[in-house]
Structures are given as structure tokens and as C-alpha cells.
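All remarks here apply to the structure that follows.
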Amino acid sequence: MMSLFENEGYRWRETYFVLFRSKDRPSAEAIIEWIKTLGPRYEVQELRRDEQGLFESLTLLSPDDFAAMDITYIVGEEVQEQVSTLCKEVAFDRLGKQERRKWDRLKSCDARFDIYHFEQVVLPDGEEDDESFLDPGALLIVLQHIAKLCHGVGVDPQSGTLV
């Protein structure tokens, strides 16, 4: 599988996570069906599944948004450590009702989707771009929908907030 990290036409901008229970891991077919509901603005490349047909990874392009995403499945000790750290860092007294439900769900998560967000490079070599023009719309749509599909919780790791 060729990652967008290896593609000079794209530049990595940020990473988000969706934490969920491994028993709720969707099949590759469920992922494809879900992407179809988003309409023609998204293109799937490099879809990988395991021997049971469960989703492993894919590259998702959104040409109209000059954006793309690599989405990969992670399970194991790394995820459990992240969940433990997130739960310790939360100030529960500041959470609203909906946020508390997400944090309660988070405690049982043992799997994660890493969503690497890339921006398509459109300026000539050597010219710097302004990150303020990066529209996270495509990323946020994908993040919300994939979290719903696997009954997960979206996390912005830079800020530690739930999405």
C-alpha cells in the first residue's frame, strides 16, 4: 500500500483518531457502503481488508476539497495506553451531558482508526502556502461518519478534545 506520506502531491497536516471497541470494527464492505452515502466527492483507493473481510486501511481522496486521508486500523497496547491517558487528563466537572457519555464510552475502547489528513499541494515548488486556507470540512465529515459507523469517539489528539 502506498501511503500519502510517500506522495509528493500531498502534504500531511494533522491526525485525528476514532477510538472504539474492536468488536465494533466494520467490514471493508460496510466502509465502502458508508463512503457511497457521502456522495461522489470522495474517491477510495488502496482499500485493504483482513482475511475475515474486516477493514484494515484505505486512502480517501476529496479532490474538490484539495484534501485526502489515509485511514488505518490499530489495536493493542498502544490504544489502551492512549485511552488510559485520555481518561486521566479529563476534567469531568467541566463536561456537558453529551461529552460525559462520550467519555464513558471511551473507557471500553481497545481499537482505533488513525485518520491522517493531507492537503493537496497546488503551489509551484519553493512557494510556501498559508495553512490558514486548509479547510478541515472533508476531514470532519469523515471523522463524524466513521465514529458513528463503529460506535466510536472522535479525538483531536493535539488538543485532547472529543469531536
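Just so you know, the sequence shown maps onto residues 26 to 188 in this note's numbering. Glycine is no exception: its CB is placed at the ideal position from the N, C-alpha and C atoms.
Closest by CA to residue i, which one among the options?
i, options, result
"PHE45", "GLN183, LEU174, TYR141", "LEU174"
"LYS228", "GLY179, TYR98, PHE30", "Limits of the chain in this structure are 26 at one end and 188 at the other, which puts residue 228 out of reach."
"GLY179", "GLU144, PHE143, GLU124", "GLU124"
"GLU33", "GLU144, ILE96, GLY185, GLU39", "GLU144"
"GLU102", "THR110, ALA92, ILE96", "THR110"
"VAL187", "LYS122, GLN70, VAL147, HIS142", "For clarity, residue 187 is Leu in the given sequence; the question names Val instead. Closest option to LEU187, Cα to Cα, is LYS122."
"VAL167", "GLN183, ILE56, ARG73, PHE30", "ILE56"
"GLU81", "TYR35, GLU71, ARG130, ALA92", "GLU71"
"SER28", "THR84, ARG38, ASP129", "THR84"
"LYS127", "GLY177, PRO182, PHE30", "GLY177"
"HIS170", "ALA92, PRO51, PRO182", "PRO51"
"GLU76", "ALA53, ARG119, VAL147", "ALA53"
"ARG130", "ALA172, ALA93, ALA163, VAL147", "ALA172"
Under the DSSP definition of a beta bridge, which residues are partnered with residue i?
i, result
"GLU144", "ARG36, ALA92"
"VAL180", "PHE42, LEU187"
"SER28", "According to DSSP, SER28 bridges with nothing at all."
"ASP139", "PHE42, THR97"
Identify the continuous beta strand (DSSP E) that holds residue i and give its terminal residues.
i, result
"LEU86", "80-87"
Check for me: the alpha helix (DSSP H) holding residue i runs from which residue to which?
i, result
"GLY101", "Careful: GLY101 lies outside any alpha helix (DSSP H) and carries neither H nor E."
"GLN169", "162-174"
Just checking residue i against the ligand NAD - is the residue's beta carbon closer than 8 Å to any of the ligand's heavy atoms?
i, result
"VAL69", "By its list of ligands, the structure shown contains no ligand whatsoever, and the ligand NAD lies outside what it can speak to."
Which ranges would you report for the beta strand (DSSP E) in the segment 34-73 if only whole runs of at least 3 residues count? 35-45
Would you call the segment 35-49 and the segment 128-139 in contact, with 3 or more CB pairs under 8 Å? yes
Any contact between the segment 105-123 and the segment 50-68? By contact I mean 3 or more CB pairs, one from each, below 8 Å. no
Residue ranges of each alpha helix (DSSP H) within the segment 105-132, 4 or longer: 122-131
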